[in-house]
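Enquirer:
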Amino acid sequence: MAGGERGEPGRFGGYGGRYVPETLVPALDELSVAYAAASADPEFASGLDALAAKYVGRPTPLYRARRLEAACGVAPVHLKREDLNHTGAHKINNTLGQAMLALRMGKPRIIAETGAGQHGVATATACALFDLDCVVYMGVEDIERQSLNVHRMGLLGAEVRPVASGAGTLKDATNEALRDWVANVGNTHYVIGSVVGPHPFPRIVRDFQAVIGREARRQFLEAEGRLPVAVVACVGGGSNAMGMFHAFVDDEGVDLIGVEAAGHGVGTGKSSASLAEGRPGVLHGSLSYLLQDDDGQVRPAHSAAAGLDYPGVGPEHAHLKDSGRARYVSVGDAEAQEAFRLLARLEGIVPALESAHALAWVQEAGRRGSLEGPVAVCLSGRGDKDVGRGDGGRGWRGD
Amino acid sequence: MAIDERRAGGGGRLPGAIGRRFATLAAAGRPGFVPYVTAGFPSLAHTAELLAGLAEAGADVIELGVPFSDPVADGPTIQRSCQRALEAGTTLDGVLDALARFRSRSDVPVVVFSYLNPLHSRGIGTFLREAADAGADGLLVTDLPVGADPALEAQLVQSPLDSVRLAAPTTPPGRLAEIARASQGFLYYVARTGVTGARAELRNELAEELSAVRALSPRPVAAGFGISSPAQARVVGAVADAAVVGSALVDRLEEAGVESAVELARALRRALD
Numbered sequence: 001m002a003g004g005e006r007g008e009p010g011r012f013g014g015y016g017g018r019y020v021p022e023t024l025v026p027a028l029d030e031l032s033v034a035y036a037a038a039s040a041d042p043e044f045a046s047g048l049d050a051l052a053a054k055y056v057g058r059p060t061p062l063y064r065a066r067r068l069e070a071a072c073g074v075a076p077v078h079l080k081r082e083d084l085n086h087t088g089a090h091k092i093n094n095t096l097g098q099a100m101l102a103l104r105m106g107k108p109r110i111i112a113e114t115g116a117g118q119h120g121v122a123t124a125t126a127c128a129l130f131d132l133d134c135v136v137y138m139g140v141e142d143i144e145r146q147s148l149n150v151h152r153m154g155l156l157g158a159e160v161r162p163v164a165s166g167a168g169t170l171k172d173a174t175n176e177a178l179r180d181w182v183a184n185v186g187n188t189h190y191v192i193g194s195v196v197g198p199h200p201f202p203r204i205v206r207d208f209q210a211v212i213g214r215e216a217r218r219q220f221l222e223a224e225g226r227l228p229v230a231v232v233a234c235v236g237g238g239s240n241a242m243g244m245f246h247a248f249v250d251d252e253g254v255d256l257i258g259v260e261a262a263g264h265g266v267g268t269g270k271s272s273a274s275l276a277e278g279r280p281g282v283l284h285g286s287l288s289y290l291l292q293d294d295d296g297q298v299r300p301a302h303s304a305a306a307g308l309d310y311p312g313v314g315p316e317h318a319h320l321k322d323s324g325r326a327r328y329v330s331v332g333d334a335e336a337q338e339a340f341r342l343l344a345r346l347e348g349i350v351p352a353l354e355s356a357h358a359l360a361w362v363q364e365a366g367r368r369g370s371l372e373g374p375v376a377v378c379l380s381g382r383g384d385k386d387v388g389r390g391d392g393g394r395g396w397r398g399d
Numbered sequence: 001m002a003i004d005e006r007r008a009g010g011g012g013r014l015p016g017a018i019g020r021r022f023a024t025l026a027a028a029g030r031p032g033f034v035p036y037v038t039a040g041f042p043s044l045a046h047t048a049e050l051l052a053g054l055a056e057a058g059a060d061v062i063e064l065g066v067p068f069s070d071p072v073a074d075g076p077t078i079q080r081s082c083q084r085a086l087e088a089g090t091t092l093d094g095v096l097d098a099l100a101r102f103r104s105r106s107d108v109p110v111v112v113f114s115y116l117n118p119l120h121s122r123g124i125g126t127f128l129r130e131a132a133d134a135g136a137d138g139l140l141v142t143d144l145p146v147g148a149d150p151a152l153e154a155q156l157v158q159s160p161l162d163s164v165r166l167a168a169p170t171t172p173p174g175r176l177a178e179i180a181r182a183s184q185g186f187l188y189y190v191a192r193t194g195v196t197g198a199r200a201e202l203r204n205e206l207a208e209e210l211s212a213v214r215a216l217s218p219r220p221v222a223a224g225f226g227i228s229s230p231a232q233a234r235v236v237g238a239v240a241d242a243a244v245v246g247s248a249l250v251d252r253l254e255e256a257g258v259e260s261a262v263e264l265a266r267a268l269r270r271a272l273d
């Protein structure tokens with residue numbers, strides 16, 4: 001099944017597809033049709049652009065981090081400030097677009113899964129704005145380690161449903177959201193938060209997130225008069241990375257570097273590095289790299305960063321890995337936590353622990369002397385949610 | 001129920017054990033009883049006992065579930081049974097071994113019921129050979145809808161196993177016809193929009209839907225999802241070629257053990273006659 005080019009829609013190389021219970025197939029067809037119609041409708045694009053400008057605060061700045069450069073020995077380093085978006089992460093780029101699709105399809109109820117809570121908050125925000133009912137599934141472990149975002153979702157009018165099955169993290173929340181969708185597919189749209197899931201979700205989420213890379217590419221050319229040698233982003237499901245990479249895929253001289261969460265370390269059995277340690281498998285509707293045992297049972301992931309704590313990865317990343325167009329590396333909990341503190345001290349920016357993985361890799365590669373500028377890093381979210389976990393919080397320490 | 005030769009075979013090939021069983025049922029005017037079992041719950045030894053008991057209770061076809069870590073089409077009962085089966089160390093080899101042992105003592109047709117990933121991990125070709133060698137008669141893959149992966153689906157169709165496909169209440173008529181043509185052995189109609197699990201009520205529209213589905217399907221139609229009591233099985237048996245009961249049996253097994261689950265199976269079989 002894996003590898004090899006295939007002509008079927010919704011495939012990236014051999015990856016992706018639509019491996020779902022029959023009940024959902026008509027809804028995915030409906031979504032494909034609605035998305036094609038919206039894509040061809042100039043009013044949809046102008047509506048989304050207007051929201052991006054007036055509500056989200058786009059374009060987000062590309063900021064040159066000079067004190068970080070000095071500490072890393074790499075220059076110039078530009079940060080794409082997705083943390084400055086309304087709600088504090090790139091997730092809002094996708095949720096507003098999908099909420100507008102739900103309106104076009106006449107679906108009054110929205111469900112979502114969330115790990116770090118950033119996608120849950122962004123979904124709850126879009127639902128408040130468009131007057132849609134909102135239910136967010138979140139693992140009990142994540143509810144505990146990202147409690148700030150749980151409160152935010154409640155304030156925004158969303159119902160947060162705790163998921164206790166499995167490890168109580170993002171994978172389990174996604175299972176439960178899929179089960180809800182199977183039962184309520186008639187009136188419900190599932191706003192998937194990353195470039196994962198069955199076709200057409202990986203494509204739709206990438207397209208809504210591609211604004212990150214489009215802006216960053218233009219801003220980089222304005223600032224440096226050239227393209228970066230490397231574009232770096234963290235990868236859990238991989239939506240900020242795919243959004244950042246997409247505009248650069250055809251720029252042959254630009255290295256695309258995805259940074260997975262190694263947790264306690266690749267090979268320890270406590271990581272989320274599906275591209276490094278996984279093999280092709282089917283989870284949540286698509287074929288991609290997957291952490292699994294010899295018998296095809298999904299292995300629990302681990303990362304201190306709840307948003308990266310997922311055993312799968314978007315199918316387009318699997319294709320970019322196999323084709324060699326992108327390179328995937330990994331960074332552990334401890335290094336990410338160090339980068340989290342470093343950026344706060346050096347630049348006055350508290351990054352999300354997820355985004356700190358990308359920063360940590362730049363820092364490490366700079367120290368090793370294996371990376372030269374200019375570099376663009378996607379700072380996918382802000383870290384308020386991770387503050388206060390420095391003393392005794394399990395997520396912070398990564399154990 | 002009238003004898004219907006169309007319903008015996010299917011897919012332009014000779015009827016396998018499943019087709020022959022449905023032909024016998026049709027000739028006798030009896031609806032079929034299709035119990036579901038999660039292999040390895042609470043252990044493979046229990047599964048062996050349960051399979052023997054279900055055959056003795058008059059099961060016409062048995063669905064043998066391969067436990068999976070992430071069963072997104074299943075409700076709490078079967079989720080829990082999968083989790084406990086995996087905790088008990090159940091592997092795909094163990095499931096096939098249990099099947100082979102059962103096959104050495106019984107000719108009741110068995111459909112292996114699985115999510116795709118455990119089979120994909122084994123390699124589809126390898127799995128199909130091993131399952132056929134173990135005595136499986138059919139295969140149903142929960143998360144492989146018709147048209148999702150034509151190359152893989154062609155492998156299933158060409159294997160000696162009947163490739164049983166699912167249709168749902170959300171399936172539009174054109175697609176329903178396509179699924180009915182693709183399905184081998186029988187067509188599995190999902191009796192409600194939702195995940196598996198015992199329910200107190202059947203939907204009012206179910207009888208009408210099933211009669212439309214049967215009119216379209218060249219093969220027998222079994223209905224499942226949410227059928228839990230003998231009374232419900234009787235209602236479904238009047239409008240479908242077979243009733244599938246899963247979660248209610250797994251619940252009973254969990255609460256009261258193998259003997260009690262077999263007792264429920266007998267009651268379900270009686271209700272269908």
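Chains as they are written, first to last, in our numbering: chain A, 1 to 399; chain B, 1 to 273. Even glycine gets a Cβ: it sits at the ideal position worked out from N, Cα and C.
Taking Asn175 (chain A) as the query, report the chain B residues whose CB atoms sit under 9 Å from its CB, ordered along the chain.
Expert: Per Cβ cutoff of 9 Å: Asp70, Pro71, Val72 and Gln79.
Enquirer: Could you check whether the Cβ of Val182 (chain A) sits closer than 8 Å to any Cβ belonging to chain B?
Expert: yes
Enquirer: With 7 Å as the limit, tell me which residues of the stretch 75 to 94 of chain A have their beta carbon closer than that to any beta carbon of chain B; keep them in chain order.
Expert: So nothing in the stretch comes that close.
Enquirer: Would you call Asp309 (chain A) buried or exposed, if buried means 16 or more other Cβ atoms sit within 10 Å of its Cβ?
Expert: buried
Enquirer: Based on Cα-Cα distance, which residue from A:Ala365, A:Ser32 and A:Gly373 lies nearest to Pro403 (chain A)?
Expert: One cannot answer for residue 403 (chain A) here, as it falls past the ends of chain A, which runs 1 to 399.
Enquirer: Confirm, please, whether the CB-CB distance from Thr38 (chain B) to Pro198 (chain B) is below 8 Å.
Expert: The sequence shown places Ala at residue 198 (chain B), rather than the Pro named in the question. Taking 8 Å as the cut-off, the Cβ atoms of Ala198 (chain B) and Thr38 (chain B) do not count as close.
Enquirer: Measuring only the C-alpha atoms, how far is Pro351 (chain A) from Lys80 (chain A)?
Expert: 12 Å
Enquirer: Return helix, strand or coil for Thr188 (chain A), following the three-state DSSP convention.
Expert: strand
Enquirer: Can you grab the Cα-Cα spacing for the pair Pro108 (chain A) / Ala102 (chain A), in whole Å?
Expert: 7 Å
Enquirer: I'd like to know whether the C-beta of Val190 (chain B) is nearer than 8 Å to at least one C-beta of chain A.
Expert: yes
Enquirer: Shorter than 7 Å, the distance from the beta carbon of Ser211 (chain B) to the closest heavy atom of the ligand HEM, or not?
Expert: This structure lacks the ligand HEM, and indeed carries no ligand of any kind.
Enquirer: Going by Cα to Cα distance, which pick from B:Ala215, B:Ser104, B:Ala151 and B:Gly257 is closest to His120 (chain B)?
Expert: Of the listed residues, the one whose Cα sits closest to His120 (chain B) is B:Ala151.
Enquirer: Which residues share a DSSP beta bridge with Glu63 (chain B)?
Expert: B:Tyr36 and B:Val111
Enquirer: Under three-state DSSP, which class holds Pro351 (chain A)?
Expert: If DSSP states are grouped into helix, strand and coil, Pro351 (chain A) belongs with the strands.
Enquirer: Pull the bridge partners of Glu260 (chain A) from the DSSP assignment, please.
Expert: As DSSP reads the structure, Glu260 (chain A) sits in a beta bridge with A:Val235 and A:Ser330.
Enquirer: Asn204 (chain B): buried (16+ other C-beta within 10 angstroms of its C-beta) or exposed?
Expert: Classified as exposed, Asn204 (chain B) has fewer than 16 neighbouring CB atoms from the shown chains inside 10 Å of its CB.
Enquirer: Just to confirm the assignment: which complete beta strand (DSSP E) runs, minimum length 3, are found wholly within the stretch 82 to 163 of chain A?
Expert: 109 to 114, 133 to 139 and 159 to 163
Enquirer: Going by DSSP in three states, Ala36 (chain A) sits in which element: helix, strand or coil?
Expert: helix
Enquirer: Just the Cα atoms here: how many angstroms apart are Pro76 (chain A) and Ser288 (chain A)?
Expert: 34 Å
Enquirer: In chain A, what lies closer than 7 Å to Gly194 (chain B) by C-beta?
Expert: Val182 and Ala183
Enquirer: Would you report the Cα separation of Ile204 (chain A) and Asn93 (chain A), rounded to the nearest angstrom?
Expert: 11 Å
Enquirer: Considering only residues of the stretch 247 to 312 of chain A, which uninterrupted alpha helix (DSSP H) runs meet the minimum length of 4 residues and lie entirely inside it, listed in chain order?
Expert: 274 to 277
Enquirer: Helix, strand or coil: which one does DSSP assign to Arg367 (chain A)?
Expert: Helix, per DSSP.
Enquirer: If I measure Cβ to Cβ from Ala177 (chain A) and keep anything under 7 Å in the same chain, skipping five residues before and after, which residues do I get?
Expert: Ile111, Ala112, Glu113, Tyr137 and Tyr190
Enquirer: Spell out whether any CB of chain A is found under 8 Å from the CB atom of Leu64 (chain B).
Expert: no
Enquirer: Going by the beta-carbon positions, is the gap between Met244 (chain A) and Glu316 (chain A) smaller than 8 Å?
Expert: no
Enquirer: Could you tell me which of B:Val110, B:Pro160, B:Ser106 and B:Ala148 sits nearest to Thr126 (chain B), measuring between CA atoms?
Expert: B:Pro160
Enquirer: Compare the C-beta of Arg161 (chain A) with all C-beta atoms of chain B and state if any pair is closer than 8 Å.
Expert: no
Enquirer: What do you get for His151 (chain A), buried or exposed, if any count of 16 or more other CB atoms within 10 angstroms of its CB means buried?
Expert: exposed
Enquirer: Using 10 angstroms around the beta-carbon of Gln158 (chain B), count the other beta-carbons present and answer buried if the total reaches 16, otherwise exposed.
Expert: In the assembly as shown, Gln158 (chain B) is an exposed residue. Its beta-carbon has fewer than 16 other beta-carbons within 10 Å.
Enquirer: Within 8 Å (strictly less), CB to CB, does Asp250 (chain A) reach chain B?
Expert: no
Enquirer: I'd like to confirm the pairing. Which residues does DSSP put opposite Tyr15 (chain A) in its beta bridges?
Expert: DSSP lists A:Phe12 as partners of Tyr15 (chain A).
Enquirer: Would you mind stating whether Gly263 (chain A) and Ser272 (chain A) have Cβ atoms separated by less than 8 Å?
Expert: Cβ atoms of Gly263 (chain A) and Ser272 (chain A): closer than 8 Å.
Enquirer: Would you please verify whether the beta carbon of Thr114 (chain A) is less than 8 Å from any beta carbon of chain B?
Expert: When Cβ-Cβ separations below 8 Å define contact, Thr114 (chain A) makes no contact with chain B.
Enquirer: Give the DSSP-derived three-state secondary structure of Asp97 (chain B) in the structure shown.
Expert: helix
Enquirer: Quick check on this structure: which residue in A:Leu155, A:Ala183, A:Leu156 and A:Glu141 has the alpha carbon closest to the alpha carbon of Ala404 (chain A)?
Expert: Coverage of chain A is limited to positions 1 through 399, which leaves residue 404 (chain A) absent and any answer about it impossible.
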